[in-house]
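Under numbering that gives the first Met the number 0, residues 0 to 146 are what the sequence shown spells out, in order. This report refers to the structure that appears directly beneath it.
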Amino acid sequence: MSWSGCCPRCRGREGPVARLLEQTADAIEAQVQSSQERVGLLGVTLLLAALRANPRLLTEFVSKSNMQNILTKTPFFQEPVREQLQEARLDTRRADLLRVLARKFGSLAEDVAQQVQVIAQPQRLEQLLDLAVDATDLDAFRSDLRL
Numbered sequence: 000m001s002w003s004g005c006c007p008r009c010r011g012r013e014g015p016v017a018r019l020l021e022q023t024a025d026a027i028e029a030q031v032q033s034s035q036e037r038v039g040l041l042g043v044t045l046l047l048a049a050l051r052a053n054p055r056l057l058t059e060f061v062s063k064s065n066m067q068n069i070l071t072k073t074p075f076f077q078e079p080v081r082e083q084l085q086e087a088r089l090d091t092r093r094a095d096l097l098r099v100l101a102r103k104f105g106s107l108a109e110d111v112a113q114q115v116q117v118i119a120q121p122q123r124l125e126q127l128l129d130l131a132v133d134a135t136d137l138d139a140f141r142s143d144l145r146l
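Following this line, the structure appears as structure tokens:
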């Protein structure tokens, strides 16, 4: 995982940090047998380097050294990714529900859209999608939305 020449513009200011980051990563790769321990140590190394290094330096190091795969295995990085995925799924479900309502009933009342946007339970959004498909008019759906 060689880092040499990765960031020529950063050499003057970031040189010592870049060299230390490279040496630490190389030592971890060479001396730590357990892949789980390696992942943890490399994750902590990057976290600590983030306190001192230019963000661009870390981004270039991660991409040049193929550490994206390693980072995705660390609990520190998994939790935010998991939260982002959950929020993306909720956003998609909300958008699907609003789309069905708009296609079925035409323009959507602002109060309905606002109420849908704050729902954070996937099961509730699924239930409302089914109710939207079965609703005879927007007022019927609106009463189901309040339940």
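All C-beta atoms in this analysis are idealised placements derived from N, C-alpha and C, irrespective of residue type, glycine included.
Secondary structure of residue i, DSSP reduced to three states
i             : result
threonine 135 : coil
glutamine 77  : helix
isoleucine 27 : helix
valine 111    : helix
serine 106    : coil
leucine 146   : coil
valine 16     : helix
valine 117    : coil
Cβ neighbours of residue i in the same chain (closer than 6 Å, five flanking residues each side left out)
i             : result
glutamine 114 : Leu144
alanine 134   : Phe140
leucine 137   : Phe104
glutamine 221 : Because the chain spans 0 through 146 in this model, residue 221 falls outside it and cannot be assessed.
Residues near residue i by beta carbon distance below 8 Å, same chain, minus five either side
i             : result
glutamate 125 : Arg92
threonine 44  : Leu20, Thr23, Ala24, Ile27
Own chain, CB closer than 7 Å to residue i, minus 5 neighbours either side, in chain order
i            : result
glutamate 96 : For the sequence presented, residue 96 should be read as leucine rather than glutamate. Cβ within range, chain order: Val115, Leu124, Leu127, Leu128, Ala131.
leucine 57   : Leu45, Ala48, Ala49
> Using 8 Å as the Cβ pair cut-off and three pairs as the minimum, do the stretch 74–93 and the stretch 103–110 touch?
Replying inline: Here the stretch 74–93 does not lie against the stretch 103–110, with fewer than 3 beta-carbon pairs under 8 Å apart.
> Counting only runs that start and end within the stretch 32–63, where is the alpha helix (DSSP H) found for 4 or more residues in a row?
Replying inline: Look at the stretch 32–63 and you find these whole runs of alpha helix (DSSP H), each 4 residues long or longer: 34–51, 54–63.
> So, do the stretch 76–95 and the stretch 121–140 have three or more beta carbon pairs nearer to each other than 8 Å?
Replying inline: Yes, since at least three Cβ pairs between the stretch 76–95 and the stretch 121–140 fall closer than 8 Å, the two stretches touch.
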